[in-house]
Every structure is written in C-alpha cells, then in structure tokens.
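Those protein sequence lines, which keep their order, are chains A, B, C and D.
If you read the first sequence in my numbering, its first letter stands for residue 1, the second for the next number, and so on.
If you read the second sequence in my numbering, its first letter stands for residue 1001, the second for the next number, and so on.
If you read the third sequence in my numbering, its first letter stands for residue 2001, the second for the next number, and so on.
If you read the fourth sequence in my numbering, its first letter stands for residue 3001, the second for the next number, and so on.
A quick write-up on the structure given underneath.
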Amino acid sequence: MAVFPPPDGAAPPLSAAAIAWDDFDAMRAANLARWPTGAEVDIDDAVAFHKALPRHKQLGWVMRQADAEGRCLTQPRGGFGTLELQKELMVCLDKEGHADIVPTTTDSYTRNEQWANAAQGIEESIKAGRSMLNGYPMVNYGPKVTRQLIEAIDKPAIVLSGTAMPRLTAEIGFAAGYSGYLGSGFAYTTSYTKQTTLEDGIRNYQYLDRLAALYQEKGVELHRRQPGFLTGTNIPPSIAILTGIIDALLAAGQGVRNYGLELGQTLHLVQDAAAIRMCRVLAEDYLARQGFRDMFMPVTSLHWMGAWPQDVAQSQALVAYGGTLAAIGGAVSVTTKSTHEAFGLPTPQANAEGLRTTRMAVYLARHIRLDEMPEFKRECDIIAAEVRPVMDKILEMGDGDVALGTVRACEAGIMDIPWSPNNHVKSRVMPARDADGYLRMYDCGDMPIPADVMSFHEERLRERAAKEGVPYDHDLAVASVYEISEALDKLSPFPWAA
Amino acid sequence: MAVFPPPDGAAPPLSAAAIAWDDFDAMRAANLARWPTGAEVDIDDAVAFHKALPRHKQLGWVMRQADAEGRCLTQPRGGFGTLELQKELMVCLDKEGHADIVPTTTDSYTRNEQWANAAQGIEESIKAGRSMLNGYPMVNYGPKVTRQLIEAIDKPAIVLSGTAMPRLTAEIGFAAGYSGYLGSGFAYTTSYTKQTTLEDGIRNYQYLDRLAALYQEKGVELHRRQPGFLTGTNIPPSIAILTGIIDALLAAGQGVRNYGLELGQTLHLVQDAAAIRMCRVLAEDYLARQGFRDMFMPVTSLHWMGAWPQDVAQSQALVAYGGTLAAIGGAVSVTTKSTHEAFGLPTPQANAEGLRTTRMAVYLARHIRLDEMPEFKRECDIIAAEVRPVMDKILEMGDGDVALGTVRACEAGIMDIPWSPNNHVKSRVMPARDADGYLRMYDCGDMPIPADVMSFHEERLRERAAKEGVPYDHDLAVASVYEISEALDKLSPFPWAA
Amino acid sequence: MAVNTPESGPRPITLVTGVIGADTHIVGNRILSMALEAAGYKVVALGALTPADEFIKAAIETAAAGIMVSSLYGQGELDCRGFRDLCIEGGLDDIVLYVGGNLVVGKQDWSEVEQRFLDMGFDRAFPPGTRTQEVVAMLGADFQAQLAAP
Amino acid sequence: MAVNTPESGPRPITLVTGVIGADTHIVGNRILSMALEAAGYKVVALGALTPADEFIKAAIETAAAGIMVSSLYGQGELDCRGFRDLCIEGGLDDIVLYVGGNLVVGKQDWSEVEQRFLDMGFDRAFPPGTRTQEVVAMLGADFQAQLAAP
Ligand code: B12
Ligand code: B12
C-alpha cells in the first residue's frame, strides 16, 4: 500500500542492534527530504532550544522528578487541524485543565504520511471554521511554526501520534521542542495498521529511538513512551506488559534510557494496581537480563480505552475512577479522557474538565496503596505467570534478539494481540470480564500461557456465564466489549420493579 | 424559645423505656391538634395504604432485601416549596436519576414547627415562580395531598427532616405513605438546634419511634434511620458510631426493629470501609447486650458532608468517589449530592446527574472489599478502641438507661460532638486530617479515649504539621474544614513551575 | 459554645455575629467570629438559629459598630427582609451591615443576588465560599473610610 | 484476521464491510460483520484502513447488494465524499449504502450530521454506539422493500 513506504535504502537484516551512526545520518537525510518542512530541521539548533527550556518544561526531567516524589501527573490527549485551534487548545489544557503534561495529537493523515491530504484538511478546516482533521498536522506546519505551541504553554509537551510511520513527524516534533514522544514499533503496528509488517514498524521506531538517543548524546534527555494500551479493547495486563517489555528492549537497543510504559485501565481496582506494579517489576527484570540496568521506566495509567457510555454522568464516573485507579496503583502519570469520549473529540473545555475531575480524584486517593492485600499479591503472581513463559519463548525464538523473536513469535501466534486490525498477528486471543470484574482470557490462542493459569481464567469466566445464565462461549468476549458503554438501565436497573 | 415547645402534658421522668400505649394515644391527640392538617391523619387508613403498596415501594422491605442481596442502593436528597415543584423533582429523581429511594426533604420552617412562616413561604414561592423554601412544607400540605407524591413515583419514599421536633411531620409523613423516615433525638438535637435540651429532643424522637412501632404493631414495617453525619464537618467514625448506638438503643426501646445508620464519608477509602464495617458490628453488639437481638441495622454511606469545592469538575470527583467509597465499604445504600453542592439546592437535573454518576461508580467498584488488608483491620481496631470506653461510660452514667446516660454524659463532656451549635454539648472535641488523609482527633475534650489511641492521633497529626511546615495547633482543625473545598491550584498545584 | 470576647487593645470595635432565622449552619460563622477576634475586634457571637430582633437587641446593648449576618440554608432572602428597618427603629441608623453565606435557594447569578441584598439595606453581601481574610480586609477598609469621612 | 464468509442458505445476499480511509477502528466493524453473517448474509470483510475504491472493487467482484462503511476516527466526512459517485461509475447505481460510527469530528448535532451523509448519497447513516441488532433489522426491512418494489 502506497501509504506504507518501505524503510529508505537497502537496509541491513532486521535486528535489535543499534543503527550505526553513519548509516543513521544517511537515513535522516533521506527522511527529511520527503517533505519541504524537513529542511527546517537543524538538530544542533533544536538541542540548544531544548537546553534553554526550564527543566519543568522538559518531560524527561519531569517524569524522573515525579517518580522520585511519588506523584501522579495528569495528561490529556488533544489535537485540532490548525495552528490557531491547537494553540487555543493547549493553553486551555495548561491553564484551565491544570495539565501537568500538555499533548499534541497528530491527525490520521499525518500518521499515515498522507501529507497532501493533511494540507487539504487544513484548508477545509479553515474554510469550515471547525477542525476537519482529528489532530494537528505537525509535518505540514513544520518545526519553526510549531515552536509557537511550545512557547504558548508553561508545561512539558508530548507528541501523540498513533502510527507505524513516525520518522518524519518525530524529526519535526523534537526539532519543534517537544520533549516527549509516544509510540513504539510493536504496539502501534499491531493496533493501528493492517498490512504493515512488524519488521517495517519496528524499523521505523528504531529510527525514532535512535533519534532520541542522538539527542541524548548531545546532552538532551527526551522522554520516549510506549503505548501499551494497544487496541484499547479489553487488553489483559500481561499482554500489555509483554508489548511494553518488547518495545522497551528495542528502544534500549538504540540507546534510549528514559522510557515510559502506558497501561490502559481494566477498571478493576486490584487488577490495575497489580498491572502497574508488575509492569515495572517485569520490565526492569527483563531489561536488566539483557544488560540494560539503567533504563528509567515510569508507568502511566490510561483512562478506560474501550467503548464509553453515551451518558455524560456515567462518563464522569469513568473519568473520576480513572484518577482513583492511577493514584492507588502508584502510576507516575495518568492520561485522561472526557465526558465527550463516546461522541467525538472533546472541546477544549470538556477536555479541561476531565483533567480537573481526574486531578481531584488523584488528590483524594493519593495515600492509598494495596500492597499488603492478599488479592493484590495473587493478581501480581498471575500476571508474572502469564508474562514470563511468553517473553522467554519470544527471546528464545529470536536467539536472544528481541526484534527477530517478536516477528517470529507473532507469525507463530506465540505472541498475540486481541482485536488487532493487523494481518500479521493472529488475534486469536479473546479477553472477557469475569464475575468479579477482572479481565480474564477466554481464549489465549497459541500463546504459551500455563495450563493452570488458563483453567483459573476459565473457572472465573464460567462463574460469570452461570451467574448471568448465558452460554460459556465467545459472546462473553463480545459482551465485554460493550459492557462499560451500556446505559444504566441495562447495566444496573432498579432490581425489584414490577 | 417558642419554636421549641416542651413535650405535651405532664411527662414522666426521662427514660429509655417504651411510652405506655394509652399515654401515647393522649400524646398523639394533642400533637395532631396543633395544625389543621393533623385532623386528616387516620392511622388505620394509613396502614391500609401502606399494605396496598407493592413491596418495592416499601422501604422497610427494600432495605432488608438490598442487604440480603449485597446491593448498594442510591438515594438523593431533595425538597422544594410547592407540591408541583416537589412532584416534578421526585419524578425526575426516579426516572432520570434511577434513584432506588426517592426523598422528600422538608423546609427549615417546617423543621422548626413555624408552619405559619412555611405557609407564607409557599405563597412567596408561587408568586416568585421559584422555590423560596429549602424543602417541602409537608405539614402545610397535609397527608391527603402529599399522597400524590407517593403515587407519582415507583420507588420507596423517605422523609428527610433535620430537626429536633419531628412529631407532627412524622404523623403526616407516615400517613401520606412514606415508608422511611430519617432523624433521631440525639444526633439531630446536637447538630440542628441551639437551646433545645437533649431531653426534649430525645422525647420528641421517642414519640416518632413509638409511632413507627405502632405501625409495626399493625403489620407495617417502616424503615427508621439515624443521621450519624451530625454536623457533617469532619466527624470521626467513632463519634458517628457512638451517636448511632445511642439513638438505635433509644429507638429499640420504643419497639423499632428496622433502623438504618448513616455515616458521612471521611473521604479516606480505608477509614470509610472500616467505619461502615464497625458501625454495624458495634451497634449489633451493644444492642444485643441491652437485649435487642433482632434489630436490623443496615449502614448508609453519605457523600462528603463538609464544604464542597466551587468547581463543578472537582465536585464530580467527590460525587463519583462517594459511590466508590460506599460500594467498597459495603454500605447498603449511599446518599448522594451533586455538583451544585457548594452553591445551593441542586436543580432536579443536576441532582439526577449526581445519582447516575454515583450509580456508575458503584457498579465499577461493586466487587472490591478490603477485609484482608492489615491497614483496614488496624482502623477497625482503632474505632472499637474509641467507641467502647465512651459507650460503656455513657451506659454506666445512666445506670443502664441510655437516655439518662446520654444527657449526663454530654453535660460532663464524656460524650461530645465537633462543631455543634447546641449549648448543651461542650463541642470541645476537635477533629483534623492527618498526613495520610485520615480523620484524627486533635483534641478529644473530656471524652474517655484511651491515652495510647490519642497519642497515635497526635503522632499522625504532628507528622502532617511537620510535612506542611505549620505549627501543631488547632488551626489544623480549621484548615481541615476548608481542605476539600479548596480550589485545585491551592490543593494540588503543578509542583515545579518557576 | 459561645466564642468568648476578650478586650484586645484600647476600646476595640464591637461586632455582633450570628446565623439568622431557623438556620443551624454554625461552622462558617464560628470560624468567621474567631477570625474577627484574631483581627482585634470584640465579637458578640449569637451563634446559630438567631431571630433578626436578637441581632438588633445585642447590637444596642453592646454599642456594636457592625452586624455580621450569616445565612446558609437558603431562606435568608425571607429572613433578612426589613433587617435594616429594624436597625433604624432601634436607632442604629448607620451601623455597618454585612451578610454572607449561601444567601438564596439554589445556584443563582451572584450579581443579581448581591443586588437583592444591597437593596434590603446591607452594606455588603458575600458569595458562597468567601474566606475570612477577605472579610477582615473589607471590614478594615470600610471602618477606615467611615473614620476618614467628616 | 479476515472474517470468513460461509454460504448460508441458497444464494445469500452479499455485503461488503470495511473501515474507510486511514481509520484503524476495526472492533465495531468486526462485530458488525459477525452479526451480519449470523443473520445469514455473505460478508466480504475488507477490515480497517480501506480506501474508498477498494470497497467498490470488492462490491463489483462479489456482486454485492450493499456496502457497509464504518468510519470512527472523525475524518469520515472527508473520506466519504463522492462515495456514491464512485459506485455509479462502477455501475453500482442502486447498491444499498450504509455508513456508521463516529462520522464527524467532535460532538455535533446528529440530525445535521445524518443529513450531511444522506446528501452524500448514503441510504442510511447511523449514530455513535449503534447496536448490531438495529442494523440487521433495518437492513432486512430495506431489502424487503426493494424486493417488494416493482
Ligand atoms: C456542613 C453543612 C451542613 C451541616 C451544618 C452543621 C452545622 N450545624 O453547622 C448540616 C449537615 C447539619 C446541614 C444541614 C442543612 N443544610 Co447544609 N450544608 C453544609 C455544607 C456542606 C457546608 C457548610 C459549611 O460548613 N461550610 C464551611 C464553612 C467554613 O463555610 P461557610 O459556612 O460557607 O462560611 C464561610 C463563608 O460563607 C463566609 N461567611 C459565612 N457567613 C458569613 C457572614 C458574613 C457577614 C460574611 C461577610 C461572610 C460569611 O465566611 C465563612 C468562613 O469562611 C453546605 C454546602 C457547601 N458549602 O459545601 C450545605 C448547605 C449550606 N446546606 C444546605 C441545606 C439546604 C441544608 C438543610 C436545609 C438540609 C438539606 N436540605 O440538606 C439543613 C439545614 C438545617 C437548618 N435548619 O439550617 C444548602 C443550602 C441551600 C441553598 N442555600 O440553596 C447547602 C448550600 C447545600 C446544598 N447545596 O444544598 N448542612
Ligand atoms: C477503542 C478505540 C480506539 C482504539 C481502536 C483499536 C482498533 N484498532 O480498533 C485505538 C486506541 C487504537 C484508537 C485509536 C484512535 N482513536 Co479511537 N476510539 C476508540 C473508542 C474508545 C471505542 C471504539 C470502539 O471500539 N467501540 C466499540 C465498538 C463495538 O463500537 P463502534 O466502533 O462504535 O461500532 C459500533 C457502532 O458504531 C456501529 N457501527 C460501526 N460501524 C458501522 C457501520 C455501519 C454501516 C453501521 C450501520 C453501523 C456501524 O456498530 C458497531 C457495533 O455495535 C472510541 C470512543 C468510544 N466509542 O468510546 C474512540 C474514538 C472513535 N477514537 C477516536 C480517535 C480520534 C482516535 C485516534 C485518532 C487517536 C486519538 N486522537 O485518540 C486514533 C485513530 C487512529 C486511526 N488512524 O484511526 C475518536 C474519534 C473522534 C471523532 N470522531 O471526533 C473517538 C470517538 C474517541 C474520542 N472521543 O476522541 N481508538
């Protein structure tokens, strides 16, 4: 497909090894030449700009500081189709939303490198007086103009760009002064693309990670981040954590050392706390084993990433609980949504409200920890028992090389992603919610999850089927996709009415 | 003060003993004669009306059923000055709010038996086209007319009337078909009156409880409820529970057997769960000791009863967390507030939104229990260690009679209430929030709280003072009154801005 | 529990505080009374549930320079009617009158609410959630102005 | 993972499904495809990220009676422009066209949004959160009507 060009030039065989610097220079030159604004990128000027930023506008420092102080920072999502709309949005999120981290989400044409369409989208948006794009076309505006956004706020800024093709957007974003960048080769390729091969996706993000490492070499520590939320649709913690470990190993291989891991909330207080805890524990363990002992990996908890209810009042509960879960789980930051989630991109005001509700919820729960709870420990053990055999097998299949191992594991279904649009993963794994609200696996496809763990999942899911008087089949998984978005009269009706 | 008439006729000395039925007949006759609508009360007709209600509109049955099924029901507050406005409100709360229990809050003139003023308030409200009263003037409308409200909804209804003088309102309310009634002699006298003696307040509620028992005799089990939230201002669990036990003993003495206990939320997840658990455990223990083994005492958790923030978004977090705390604590019902709380009585729609947000929050957390958490057990022990010595002393001071013991204990400061407007309690006890968000006692006045418990409180509060760099003095208590109502930029500012 | 009113400095200004009508909301009024004392005023605190005439009686007896009326429960609009007239009848023609709290039923536009109470003859009305520092500052300024005035 | 398309009954009606443009939201489209199969249709599921012309190509190849276009990501308003014209060029003059999802950017008045898509030539447009039962029912009714028509 034209929208997915192969990586530039004749590439060496896929591996997790660092890209050689002179190869990288060539790759950069070719990459920057793909759109006029690429010429505006001057890395030394960019490095100087980053160094001139106060540290509280540098996300690399801010994430480390928040982790050290035990804080849970708030960050929304948000992108509109023109510079003016985007500036207004970011200022609103900073001032009215009290956001600790201010985002710029790119539009989907930009994500798919359809910059000509994006250009048209900008015009249409200006004509229509409303955003016709679902994000900010960063490449079209280029780094010089985009710096106005960084200057308009007093917080660190992060680029959110769900795509397997981040190379030019990343160059522009870092040059513009963004100190954070979300995205990774394995997670985004499996959840945002159809035909793109894992190899292409991984290579594209190796470029991005290598670029971050280049800034590091020049004395600027940027914050890279991995989108473990994947398809946002009932992702069991173990699968999210597996993708986190894979992408973190790939990033570390390119020289990244400040790498956040995102986890979509399951909406179960205990399961989310266990997921946040084990994500860091297991990631640090596997990275250390591969020789990366100094990788900083703070965990970010994400408001419910599945389907939202249409009722604003119900959504308020999801927003607030999202703050509660992140705080109690000990996440270093929480990514927020708004009461408009089920309908469309939120207005700046609705977005800011979601931030403030979340901030208050975090404040109220900031002291609570579940560490001593036996149920918490049980869930931690289950997560470890699911992650280790799969991760070990992946590394084994790659003869120690995580890039190769991941590609082969997905072909074989050893590693799998629920509800994936991508043709190169089997997507046979089927999660569903059990009678106690935990996300379990109805089917784990060909993933080597231990039999005793799977029979535990089955027992819990059968209990739910029994309780609800429905057959024990894969409709449990489909019903679980809808559950949280159902209206209250269906979700919890008055029990005894005539 | 004219607004606080002494109980009718020459009363026998105060005691916890049941009022003799023939004395009660005389008292009822005199009471009903105090306002024209009293003549409309015919208890046998009322009993027939209650028996004709479907059981899902009978709160006595609904509370027992919810407790048996482990549900957490939702109930708002709400009252407006005219029948039309009140009907519209109750229908909205039932249909749009999905309320499981529908309330009628009376206005403050009615609460103080200033029915002439209430009559004027009705006129003014009709003139102004908006409610000039803060509740529904039930006595002025009388039971016949008020039944229209019961018929307009398909849920059980409860009267909310914060006063020490409930006698006529209760007659009207029960006769109108309300199957629930909130209020008690000790709690309301100490938090809603200034000069009223505890003796008068207790006697007035002995009348109300005896009336409920009379319905019981005639085969209708009404739900009585105790307002343990008191002044709503940082009430430590132990003090709320003490008032609950006192009022429950008084009610049981009159023959009541379906008696709910309300607890205002402290907003600390663990402390609230411990409070809800220990409230029931300790109440059942003390009632059994006094020979009342069949008293049903479900616990209701109340959304934050102290000062609310002015920001709607912050308030949304309090509303949602209020549902979370009630569900996790295992409360049988939760009483909700709205995002208008800081400003004034909510509109029916805002009130309904608060209900739906809470209902969703309850749904999300319905599976979570903290029983196995060591911190939960510690707080349960602290609560018991505070309640038992005080309760034992109260009973001792009354030579086993809780009515006498309570009056004497308050005179002596053995039993005390924070921030009370009443001249007959010392109100020397001063609660404050500690560094972990727990409500502790800065000063327990003359309450016989064990020294080791008080030194624990002091240690925790000193830690907070140290953390905040403020002196360890009673400003900690004042600051704690404001805390939750503070704006976010004060409560949790971006930590590192220049 | 009445807030005790110690002399602070030579002839301190006396203020009467209380919660008007059938209103039991004492917390804010008590904290305000404490703050006013801390600011050096002599405070006569009538507490909750205080009828209008008791404010005036107390103000006359103590030669108070101002009355601080709290109303939280929503019915203040009814309770405060004619409050200024009662003062004038009592010969307190230009006593300073402040009112604050949640003055009306429901969430209404503040500027309108404020006007309603100014029309009733209050010198100042304060919106929900007002902090004591603000009140103390205003009061200081107003008394300064009074002294300055010929 | 493409949804497989078994024959169900004699000459089942064929439907093409997919998510248009650069849109990756596959979940709802996949569940819808399953539901349509369960309802007895032959479903050709193109999946996510499908350019407009691929829908038409597939519809021609499979002699489909209808095309079910999903758009969730907000840019459907741009992606769906001229979709009907493409069908007509392809000789699919009166093929049934449904569109559903989150069709525009942001929370906009549905009746306006619906009109915009009907004007583009879609037979029906469905708001966010539509359930599959509803779609299956509508589709059944519309095909009944077609058959009934002379
Ligand atoms: C705590 C509380 C209670 C407690 C009061 C305990 C007690 N005895 O004091 C209890 C639970 C008993 C209670 C009862 C009732 N309450 Co109440 N209560 C509150 C609540 C939650 C907080 C009040 C408070 O203590 N704030 C903290 C203090 C420090 O702030 P403050 O009182 O506002 O005072 C500050 C400022 O206003 C200012 N200020 C105050 N007075 C004055 C005077 C002057 C001259 C100046 C300059 C400044 C000033 O300075 C103070 C210090 O900073 C408020 C809602 C809110 N604000 O969140 C509702 C609220 C005041 N209550 C309300 C109502 C209706 C009631 C009830 C009628 C029952 C009901 N329907 O809920 C009863 C009233 C009974 C009666 N006869 O009065 C309504 C009033 C409705 C309206 N105005 O439209 C409110 C607004 C809640 C709501 N939205 O419905 N309540
Ligand atoms: C899950 C999700 C994701 C997942 C998608 C995973 C995947 N590959 O499928 C991930 C996380 C990857 C994702 C990414 C993005 N998303 Co998204 N996503 C959602 C979310 C939360 C749920 C969607 C979902 O699965 N619903 C469940 C299914 C069962 O329902 P459904 O999709 O609506 O489909 C049902 C009905 O609509 C109907 N239906 C669907 N299609 C059709 C077609 C026809 C013909 C008919 C009759 C009916 C019909 O039937 C289906 C079954 O009942 C929605 C918001 C929400 N709804 O809560 C946002 C949402 C759709 N996403 C949105 C956006 C903007 C994005 C991103 C651009 C990133 C961003 N800015 O957040 C990227 C897009 C990347 C790209 N190129 O497309 C926006 C769209 C904005 C708008 N329209 O204004 C939404 C609305 C969220 C929001 N409010 O901002 N997203």
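Beta carbons are placed, not taken as given, at the ideal position from N, Cα and C, and that holds for glycine.
Since this is a predicted model, take the numbers as computed values, not measurements.
- Would you call the CB atoms of Arg2081 (chain C) and Phe2122 (chain C) closer than 9 Å? Position 81 of the third sequence, counting from 1, holds the residue named residue 2081 (chain C). Position 122 of the third sequence, counting from 1, holds the residue named residue 2122 (chain C). Cβ atoms of Arg2081 (chain C) and Phe2122 (chain C): not closer than 9 Å.
- Query: In angstroms, rounded to a whole number, what distance separates the CA positions of Ala2035 (chain C) and Thr2132 (chain C)?
  - Reply: By one-based count along the third sequence, residue 2035 (chain C) stands at place 35. By one-based count along the third sequence, residue 2132 (chain C) stands at place 132. Those two C-alpha atoms are separated by around 6 Å.
- State yes or no: is the C-beta of Asp2023 (chain C) nearer than 8 Å to some heavy atom of ligand 1? Stepping through the third sequence from its first residue, residue 2023 (chain C) is reached at position 23. Result yes, Cβ under 8 Å from ligand 1.
- List the residues that DSSP assigns as beta-bridge partners of Lys2042 (chain C). By 1-based counting over the third sequence, the position of residue 2042 (chain C) is 42. Paired residues: C:Thr2014.
- Query: What residue ranges within the segment 281 to 336 of chain A form continuous alpha helix (DSSP H) runs of no fewer than 4 residues, ordered along the chain?
  - Reply: 312 to 329
- Query: Can at least three beta-carbon pairs, one atom from the segment 300 to 320 of chain A and one from the segment 38 to 51 of chain A, be found at a separation below 8 Å?
  - Reply: no
- Quick one: Cα of Val1332 (chain B) to Cα of Gln1075 (chain B), how far? Position 332 of the second sequence, counted from the first residue, corresponds to residue 1332 (chain B). Position 75 of the second sequence, counted from the first residue, corresponds to residue 1075 (chain B). Whole-angstrom Cα-Cα distance: 11 Å.
- Message: Is Asn112 (chain A) near ligand 4 - that is, is its Cβ less than 8 Å away from at least one heavy atom of it?
- Response: Inclusion of ligand 4 in the displayed structure is not the case, the ligand content consisting of ligand 1 and ligand 2 alone.
- Message: List, from N- to C-terminal side, the beta strand (DSSP E) runs of 3 residues or more that fit wholly inside the segment 2059 to 2085 of chain C.
- Response: 2066 to 2071
- Verify whether the separation of the beta carbon atoms of Leu1073 (chain B) and Asp1094 (chain B) is less than 9 Å. Residue 1073 (chain B) sits at position 73 when you count from the first residue of the second sequence. Residue 1094 (chain B) sits at position 94 when you count from the first residue of the second sequence. No, the pair does not count as a contact, with Cβ atoms beyond the cut-off.
- Are the C-beta of Leu345 (chain A) and some C-beta of chain D separated by less than 9 Å? The residue given as residue 345 (chain A) occupies position 345 in the first sequence. With 9 Å as the cut-off, Leu345 (chain A) counts as an interface residue toward chain D.
- Identify the continuous beta strand (DSSP E) that holds Thr1074 (chain B) and give its terminal residues. Position 74 of the second sequence, counted from the start, is the residue given in the question as residue 1074 (chain B). Here the beta strand (DSSP E) through Thr1074 (chain B) covers Leu1073 to Gln1075.
- Message: For Trp419 (chain A), count the other beta carbons within 10 Å of its own beta carbon; 16 or more makes it buried, fewer makes it exposed. Which is it?
- Response: Against the first sequence, residue 419 (chain A) aligns to sequence position 419. Label assigned to Trp419 (chain A): buried.
- Under 9 Å between C-beta atoms, does Ser492 (chain A) make it to chain B? Here the question's residue 492 (chain A) lines up with position 492 in the first sequence. At least one chain B Cβ lies under 9 Å of Ser492 (chain A).
- Distance, Ile1235 (chain B) Cα to Leu1439 (chain B) Cα: The residue you call residue 1439 (chain B) lines up with position 439 of the second sequence. The residue you call residue 1235 (chain B) lines up with position 235 of the second sequence. Cα-Cα distance, rounded: 8 Å.
- Item | Arg203 (chain A) vs Ala327 (chain A) beta-carbon contact at 9 Å | Walking along the first sequence from the start, residue 203 (chain A) turns up at place 203. Walking along the first sequence from the start, residue 327 (chain A) turns up at place 327. Going by C-beta atoms, Arg203 (chain A) is not nearer than 9 Å to Ala327 (chain A).
- Message: Out of B:Asp1272, B:Leu1267 and B:Ile1246, which one is the CA nearest neighbour of Ala1283 (chain B)?
- Response: Within the second sequence, numbered from 1, the residue matching residue 1283 (chain B) stands at position 283. Selected option, being the one with the closest Cα: B:Ile1246.
- Are the beta-carbon atoms belonging to Leu3092 (chain D) and Val3069 (chain D) less than 9 Å from one another? Position 92 of the fourth sequence, counted from the first residue, corresponds to residue 3092 (chain D). Position 69 of the fourth sequence, counted from the first residue, corresponds to residue 3069 (chain D). Not in contact: Leu3092 (chain D) and Val3069 (chain D) (Cβ atoms no closer than 9 Å).
- Of all the residues that make up the segment 2072 to 2084 of chain C, which are near chain B by a beta-carbon distance shorter than 7 Å? Tyr2073, Gly2074, Gln2075, Glu2077 and Leu2078
- Nonlocal neighbours in the same chain, by C-beta distance under 7 Å from Gly469 (chain A), ignoring five residues either side: In the first sequence, the residue the question calls residue 469 (chain A) occupies position 469. Cβ within range, chain order: n/a, list empty.
- Message: For a minimum of 4 consecutive residues, which ranges assigned as the alpha helix (DSSP H) are wholly contained in the segment 112 to 191 of chain A?
- Response: 115 to 128, 138 to 152 and 167 to 176
- Pull up the CB-CB distance for Leu230 (chain A) and Thr190 (chain A), whole angstroms please, since I reckon it's below 8 Å. Taking the first residue of the first sequence as position 1, residue 230 (chain A) is located at position 230. Taking the first residue of the first sequence as position 1, residue 190 (chain A) is located at position 190. With 8 Å as the limit, Leu230 (chain A) and Thr190 (chain A) qualify as a contact, their Cβ atoms being about 7 Å apart.
- Message: Given 8 Å as the limit, tell me if Leu491 (chain A) has its C-beta closer than that to any heavy atom belonging to ligand 2.
- Response: In the first sequence, residue 491 (chain A) corresponds to position 491, counting from 1. No, since every heavy atom of ligand 2 falls outside the 8 Å radius drawn around the Cβ of Leu491 (chain A).
- Can you give the beta carbon distance from Arg225 (chain A) to Thr300 (chain A), rounded, assuming they're within the 8 Å contact cut? Here residue 225 (chain A) is taken as the residue at index 225 of the first sequence, counted from 1. Here residue 300 (chain A) is taken as the residue at index 300 of the first sequence, counted from 1. Indeed, because the Cβ distance is near 7 Å, the residues count as touching under 8 Å.
- Query: Quick one: any contact between the segment 149 to 165 of chain A and the segment 106 to 113 of chain A, if contact means 3 or more CB pairs under 8 Å?
  - Reply: yes
- Could you spell out the range, first to last residue, of the beta strand (DSSP E) harbouring Pro1103 (chain B)? Taking the first residue of the second sequence as 1, we reach residue 1103 (chain B) at position 103. Val1102 to Thr1105 is the extent of the beta strand (DSSP E) around Pro1103 (chain B).
- Say whether the segment 337 to 352 of chain A touches the segment 398 to 406 of chain A, bearing in mind that this needs 3 or more beta-carbon pairs closer than 8 Å, one atom from each stretch. no
- Using DSSP bridges, identify the partner residues of Pro1431 (chain B). Start at 1 with the first residue of the second sequence, and residue 1431 (chain B) comes out as number 431. DSSP, once it has assigned bridges, lists B:Met1441 as partnering Pro1431 (chain B).
- Query: Hey, Ile1239 (chain B) and Cys1279 (chain B) are a contact pair by Cβ (cut 8 Å); roughly how many whole angstroms apart?
  - Reply: On the second sequence, residue 1239 (chain B) is found 239 positions in, with the first residue counted as 1. On the second sequence, residue 1279 (chain B) is found 279 positions in, with the first residue counted as 1. No, Ile1239 (chain B) and Cys1279 (chain B) are not in contact; Cβ-Cβ is about 11 Å, not under 8 Å.
- Item | Residue burial classification, Lys1467 (chain B) (beta-carbon count within 10 angstroms, cutoff 16) | On the second sequence, position 467 is the one that residue 1467 (chain B) refers to. Flag for Lys1467 (chain B) reads exposed.
- Task: May I ask you to list, following chain order, the residues of the segment 2045 to 2061 of chain C that have a beta carbon less than 7 Å from some beta carbon of chain B?
- Result: Gly2047, Ala2048 and Leu2049
- Which residues in chain C sit within 7 Å of Lys1194 (chain B), going by Cβ to Cβ distance? Within the second sequence, numbered from 1, the residue matching residue 1194 (chain B) stands at position 194. Correct list: Gly2047, Ala2048 and Leu2049.
- Item | Bridge partner(s) assigned by DSSP for Glu262 (chain A) | By one-based count along the first sequence, residue 262 (chain A) stands at place 262. BP columns for Glu262 (chain A) point to A:Thr300.
- Per DSSP, which one or two residues make a beta bridge with Thr339 (chain A)? By one-based count along the first sequence, residue 339 (chain A) stands at place 339. DSSP, once it has assigned bridges, lists no residue as partnering Thr339 (chain A).
- Return the CA-CA distance between Leu499 (chain A) and Ala2065 (chain C), expressed in angstroms with no decimal places. With chain A covering 1 to 498 only, the question about residue 499 (chain A) has no answer from this structure.
- Query: For Phe2122 (chain C), which of helix, strand or coil comes out of DSSP?
  - Reply: Here residue 2122 (chain C) corresponds to residue number 122 of the third sequence, with the count starting at 1. Phe2122 (chain C): coil per DSSP, three-state reduction.
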